[in-house]
Structures are given as C-alpha cells and as structure tokens.
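>
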C-alpha cells in the first residue's frame with residue numbers, strides 16, 4: 007500500500023496520495039501538481055481518481071491540472087454544483103486495488119464537504135484512515151463562518167452532526183488525515199501534530215466534548231479573520247480554475263524599468279526581511295517577507311495588475327512563485343534583476359522606515375507624540391496581553407482603518423516579532439505616513455526584556471487607559 011502526505015509549506019495544506027495494485031488516488035491536490043505524478047511514476051502506479059473534499063477557500067485546487075496529464079476522474083461532494091468533475095453521495099465506494107474509499111457526507115465547513123473512509127480489504131474490513139477535509143483537524147474543527155453570518159448557526163449545527171454522527175463513531179484506532187495542519191487559517195487553533203486518531207481526538211480535543219448547544223454557541227462566537235482573496239478562491243474552485251501547465255516565467259526587470267513601471271499599475275512586493283526593508287527600500291512598495299507571502303498577499307494584492315518581486319540575491323524565486331500560483335496570482339510577472347543592490351547602485355531614491363528596540367519604546371512610552379499601533383491577531387492581544395496604551399488594528403484590516411491613525415504623531419507599529427510590523431509600516435508609508443517605526447522583536451522581545459504586557463482583567467482592576 008502506498009500512502010504519502012504532501013505538505014504545502016506556510017499554507018499548512020495537506021494533500022494525500024494512496025495506492026495499491028498499480029492504481030493511485032489523490033486527495034485534495036495542490037495546483038503545482040507534478041509532485042503527485044512523480045510519486046506515481048516512482049511507484050509504477052497510474053493515478054485514476056482525484057477527490058476534492060470541499061471547495062477550499064485558502065488555495066486554488068489542483069484537480070483540473072492533475073487530471074490533464076493523468077486522465078484521472080475528478081470527484082467531489084454532490085450538494086453543490088461545480089463547473090467540473092462528478093458529484094458523489096453518502097455511501098458510495100471506490101476501489102483502489104484492494105483498498106476501498108467510502109464517501110461520508112460531512113457538511114458544516116461547507117455545504118458539500120465530504121470525508122473519505124479508507125479500508126484495506128486485503129487485511130481487514132475495519133476502517134484504517136479517514137480523510138476529513140476541513141471537518142476535523144488535530145485539536146480543532148473546521149470554520150463555520152465562511153458561508154456568511156446568516157448561515158453560521160446552521161453551518162455549526164451541521165458540523166456538529168457531521169462530527170458526532172459520521173466521524174466520531176468510527177473506531178478509536180482510525181487515523182485522521184485532515185486537509186490542514188497547524189498555522190492554517192481554516193481553523194482557529196489547530197494542533198502541531200503530524201498525525202492523530204479518532205480516539206486521541208475524543209480525549210484531547212475539547213470541542214468534541216461539548217454539547218450541541220455549547221458547540222454551536224462556541225462556533226457562532228468564534229472570531230477568525232477572512233482574507234479578501236477567499237472570495238476569488240471560492241469562485242475559481244467552484245467554476246474550475248484555469249490550467250497553468252507550468253510555473254510562470256518571471257521576467258528580469260532593470261532598475262530603470264522598475265522605476266518606469268511605478269508610474270503604471272504595478273504591484274511591487276519586497277520579500278526581504280524587516281531589517282533589510284527598514285534599512286532601505288524602493289518607495290511605495292509592499293513589504294511581505296518570504297514566509298509571510300501565502301498569509302498576507304491575499305489581503306493586499308489584486309488579480310489584475312502585474313506583480314514584481316524585490317529580493318536581495320534572487321535565490322530560489324521558483325519557491326516564492328509557487329506561493330503566488332497556489333493562491334491564483336497568475337499575474338506574477340517578474341523580479342528586480344540584480345536584487346535591491348542593483349537599485350541603489352543605479353543611484354535611485356531610497357526610502358527608509360525606522361526601527362526601535364523594546365528599550366527604545368519603553369523610554370518613550372509616555373511621550374504624547376508617540377502612538378503605539380498593535381497589528382497582531384486580536385486573539386493574541388487578548389490572550390497574551392498588550393503594551394500599555396497601545397491601539398489595535400489587525401494588519402490585514404489596516405487600510406480599512408487608515409483614517410483612525412493620527413498623522414501628526416510618531417507611529418510605532420508592533421506585532422509578535424516584527425515581520426507583520428514591517429508589512430504595516432510599508433502600508434502606512436504608501437498612505438503618506440513619514441514618521442513610522444517598527445518595533446523589532448514585537449511583544450516577544452518586549453517580554454524577553456522584562457517589560458510588562460497588560461491583560462484585560464488587569465486593565466479593568468487598575469482602571470488604566472483603554473487601549
């Protein structure tokens with residue numbers, strides 16, 4: 007039996023290939039799909055079926071791209087119309103050599119969500135694995151807010167029923183294979199475990215021990231961010247995304263070409279570290295560090311205007327390009343030839359943003375000319391505490407609240423460590439703020455330097471200023 011989990015880094019997306027008897031099936035493939043054909047060729051297997059457990063919201067599905075070279079049949083839940091593939095229903099079974107996949111309809115995260123129960127009939131009739139899509143994760147369950155607030159309660163009720171009537175009654179030894187791992191935006195707090203089982207989740211996953219009413223209320227009141235690009239993902243994944251055939255070819259732009267592009271509609275993304283960006287950057291660019299690309303490009307980049315990357319040494323740009331392709335940004339166009347060094351060697355204008363250390367902020371915290379902006383996830387602020395007197399706007403929503411930020415003060419932005427702070431600083435600079443400082447180290451450095459973080463209950467007791 008062949009079983010491999012393929013992880014898409016940073017998106018925390020899991021896909022799977024299983025096979026036996028010369029056949030293979032892929033579950034929830036990513037768009038850059040050669041990895042699956044490589045595995046199948048290595049094992050002398052033919053990919054005959056592709057399952058989509060649901061119309062994923064956080065990445066472009068890869069079933070159409072994988073079906074093109076393999077001729078494999080695409081299968082998905084039948085409760086919603088798709089522009090491709092064939093709908094499947096509860097109880098349908100599919101053979102992969104001696105292996106058998108049984109469809110379980112498990113709506114809740116989305117209306118058409120399915121799970122796939124795997125048995126190895128050559129060994130036993132007992133379930134071996136269950137591929138749960140976004141219904142059940144390690145330590146968490148799927149989001150129920152993505153269909154809209156008016157559907158949230160109904161979706162939460164459906165997810166509860168799916169979990170307790172379809173998935174949890176499986177034997178405790180059944181291995182759970184979810185579509186996402188820790189760090190994914192498709193869950194609230196997914197545990198960092200490579201594998202889990204039904205029995206382990208019953209014991210350790212607190213959401214599974216709640217009554218139906220408690221579960222529904224917890225899910226209805228859950229606060230999670232939805233990046234704007236999710237709307238495009240739902241559209242593409244329902245209608246069928248365009249085929250890409252190969253990764254886009256990036257054009258090398260000279261500094262003068264970059265300067266001329268700045269007068270046009272172009273999106274320039276600086277993928278260097280926060281310290282490199284702060285030391286000098288092209289005016290008006292967006293700062294998203296490499297590992298932050300799949301997390302934050304979907305908040306600030308559109309799907310029409312060309313995207314150009316700026317790095318220091320242009321190493322392994324293919325890997326960076328994959329992040330854009332997986333989110334449907336086929337408008338990724340090129341990069342600055344020679345890296346940022348080529349820009350300053352050409353004598354072009356350089357913009358800088360300030361940096362402070364925790365002691366710098368502590369020394370100036372009471373200065374009325376300083377305005378501290380916390381751009382972390384609101385849950386981190388409430389659970390971990392915040393810097394006294396700081397104001398909160400999540401980095402993904404910064405442009406929507408830009409008018410709330412005073413233009414006559416020094417703006418000190420901070421996040422957990424400094425990376426999202428660099429993104430926030432670049433957004434503020436694009437909107438004309440010229441006195442912006444990024445707190446390097448963020449709240450992690452602040453804590454390490456033994457400066458206090460205030461929690462809500464402490465603020466209430468001490469009646470200190472509202473952040």
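In this note's numbering, the protein residues as written are 7 to 473.
Ideal Cβ positions, reconstructed from N, Cα and C, are used throughout, including at glycine.
The structure displayed is predicted, hence computed values, not measured ones.
1) Would you say residue 399 reaches chain D, if we count a Cβ-Cβ gap shorter than 8 Å as a contact?
2) Tell me which residues share the same chain as residue 412 and place their Cβ nearer than 8 Å to its Cβ, disregarding the 5 neighbours each side in the sequence.
3) Among the residues of its own chain, which have a CB less than 6 Å from the CB of residue 11, if the five just before and after it don't count?
4) Of all the options 452, 224, 437, 334, which has the alpha carbon lying nearest to the alpha carbon of residue 390?
5) Pick helix, strand or coil for residue 444, following the three-state DSSP scheme.
6) By the three-class DSSP mapping on this structure, what secondary structure does residue 11 have?
7) Between residue 204 and residue 175, what straight-line distance do the alpha-carbon atoms span, to the nearest angstrom?
8) Excluding the 5 residues flanking residue 415 on each side, which residues of the same chain have their C-beta closer than 7 Å to its C-beta?
9) Is residue 92 helix, strand or coil when you go by DSSP?
10) Between which two residues does the beta strand (DSSP E) harbouring residue 135 extend?
11) If you measure between the beta carbons of residue 185 and residue 145, is that distance less than 8 Å?
12) Using a threshold of 8 Å, state whether the C-beta atoms of residue 134 and residue 181 are closer than that.
13) Which same chain residues end up closer than 7 Å to residue 159 when comparing Cβ atoms and leaving out the 5 residues on each side of it in sequence?
14) Can you list, in chain order, the residues of its chain with a C-beta nearer than 6 Å to that of residue 198? Leave out the 5 residues immediately preceding and following it.
15) Flag this pair as yes or no: are the beta carbons of residue 296 and residue 339 separated by less than 8 Å?
16) I need the DSSP call for residue 165, collapsed to helix, strand or coil.
17) Taking the alpha carbon of residue 73 as the point to measure from, which residue in 370, 91, 84, 85 has its own alpha carbon closest?
18) Could you please give me the residues that DSSP links to residue 111 through a beta bridge?
19) Tell me which residue opens and which closes the beta strand (DSSP E) that residue 20 is part of.
20) How far does the alpha helix (DSSP H) with residue 261 in it extend, from its first residue to its last?
21) Distance, Cα to Cα, residue 308 vs residue 330?
22) Closest by CA to residue 76, which one among 257, 350, 251, 196?
23) Residue 395: which of 459, 69, 216 sits nearest, CA to CA?
24) When you compare the region 202-219 with the region 149-156, are there three or more beta-carbon pairs, one atom per stretch, that lie closer than 8 Å?
25) Taking 7 Å as the line, does the beta carbon of residue 374 fall inside it for any heavy atom of the ligand FMN?
26) Taking residue 40 as part of the alpha helix (DSSP H), name the residues at either end of that continuous run.
27) Just tell me which of 25, 170, 299, 305 has its CA closest to the CA of residue 14.
28) Here's a check: name, in chain order, each residue in its chain whose Cβ is nearer than 8 Å to the Cβ of residue 253, leaving out the five neighbours to either side.
29) Counting only the same chain and skipping the five closest in sequence on each side, list residues whose C-beta sits under 7 Å from that of residue 368.
30) State buried or exposed for residue 61, treating a residue as buried only when at least 16 other CB atoms are found within 10 Å of its CB.
31) Take every Cβ of the region 38-51, pair it with every Cβ of the region 335-354, and state whether three or more of those distances are shorter than 8 Å.
32) Would DSSP call residue 439 helix, strand or coil?
33) Taking the continuous beta strand (DSSP E) assigned at residue 57, which residues delimit it?
34) According to DSSP, simplified to helix, strand and coil, what is residue 81?
35) What is the residue span of the alpha helix (DSSP H) that residue 300 lies within?
36) If you count every other CB in all the chains shown that lies within 10 Å of the CB of residue 201, and 16 or more means buried, which is it?
Well, looking at it:
1) Absence of chain D from the displayed structure is noted, only one protein chain being present.
2) The sequence position of residue 412 within the chain shown is 406, counting from 1. For residue 412, where only same-chain residues beyond five positions count, the Cβ hits under 8 Å are 377.
3) The count along the chain shown starts at 1 and reaches residue 11 at position 5. Closer than 6 Å at the Cβ level, and outside the excluded window around residue 11, lie 20, 22.
4) Looking up residue 390 in the chain shown gives position 384. For the residues 452, 224, 437, 334, the minimum Cα distance to residue 390 belongs to 452.
5) Looking up residue 444 in the chain shown gives position 438. Three-state result, residue 444: strand.
6) As a working mapping, residue 11 is identified with position 5 in the chain shown. Strand.
7) As a first step, residue 204 must be located in the chain shown, where it is residue number 198. As a first step, residue 175 must be located in the chain shown, where it is residue number 169. Residue 204 and residue 175: Cα-Cα distance of roughly 9 Å.
8) As a first step, residue 415 is located in the chain shown; it is residue number 409 there, counting from the start. 375, 376, 377, listed in sequence order.
9) As a first step, residue 92 must be located in the chain shown, where it is residue number 86. It is a strand residue.
10) Stepping through the chain shown from its first residue, residue 135 is reached at position 129. It spans 133-139 - the beta strand (DSSP E) in which residue 135 sits, taken as one unbroken run.
11) By one-based count along the chain shown, residue 185 stands at place 179. By one-based count along the chain shown, residue 145 stands at place 139. No.
12) Position 128 of the chain shown holds residue 134. Position 175 of the chain shown holds residue 181. Yes, they are a contact pair.
13) Your numbering for residue 159 matches position 153 in the chain shown. For residue 159, where only same-chain residues beyond five positions count, the Cβ hits under 7 Å are 222, 226.
14) As a position in the chain shown, residue 198 is number 192, starting the count at 1. Excluding residues within five positions, the ones whose Cβ falls inside 6 Å are 188.
15) Taking the first residue of the chain shown as position 1, residue 296 is located at position 290. Taking the first residue of the chain shown as position 1, residue 339 is located at position 333. For residue 296 and residue 339, no; Cβs fall outside 8 Å.
16) Along the chain shown, one-based indexing puts residue 165 at 159. Three-state result, residue 165: helix.
17) On the chain shown, residue 73 is found 67 positions in, with the first residue counted as 1. The option with the nearest alpha carbon to residue 73 is 91.
18) What you label residue 111 is simply residue 105 of the chain shown in a count that begins at 1. DSSP output for residue 111 lists 120 as bridge partner(s).
19) In the chain shown, the residue the question calls residue 20 occupies position 14. Residue 20 -> beta strand (DSSP E) spans 19-26.
20) Within the chain shown, numbered from 1, the residue matching residue 261 stands at position 255. Run containing residue 261: 261-267, per the alpha helix (DSSP H) assignment.
21) As a first step, residue 308 is located in the chain shown; it is residue number 302 there, counting from the start. As a first step, residue 330 is located in the chain shown; it is residue number 324 there, counting from the start. In a straight line, the C-alpha of residue 308 is about 11 Å away from that of residue 330.
22) The count along the chain shown starts at 1 and reaches residue 76 at position 70. Nearest C-alpha to residue 76: 251.
23) In the chain shown, the residue the question calls residue 395 occupies position 389. When only C-alpha atoms are compared, the closest one is 459.
24) no
25) Ligands displayed in this structure: none; no statement on the ligand FMN is therefore possible.
26) As a working note, residue 40 is residue 34 in the chain shown. Counting along the chain, the alpha helix (DSSP H) containing residue 40 begins and ends at 40-48.
27) For the purposes of this step, residue 14 is taken as the residue at position 8 of the chain shown. For residue 14, the nearest C-alpha among the options comes from 299.
28) Here residue 253 refers to the residue found at position 247 of the chain shown. Once the five neighbours on either side are set aside, the close Cβ partners of residue 253 are 38, 324, 327, 328, 331.
29) Position 362 of the chain shown, counted from the start, is the residue given in the question as residue 368. So the qualifying residues of the chain are 457.
30) Position 55 of the chain shown holds residue 61. Its Cβ being crowded by 16 or more others within 10 Å, residue 61 is buried.
31) no
32) Along the chain shown, one-based indexing puts residue 439 at 433. DSSP places residue 439 in coil when its eight states are reduced to three.
33) Stepping through the chain shown from its first residue, residue 57 is reached at position 51. Counting along the chain, the beta strand (DSSP E) containing residue 57 begins and ends at 52-58.
34) Translated into positions along the chain shown, residue 81 becomes position 75. Reduced to three states, the DSSP call for residue 81 is strand.
35) For the purposes of this step, residue 300 is taken as the residue at position 294 of the chain shown. Looking at the DSSP string, the run of the alpha helix (DSSP H) that includes residue 300 is 299-306.
36) For this step, residue 201 is matched to residue 195 along the chain shown. Per the 10 Å Cβ criterion, exposed.
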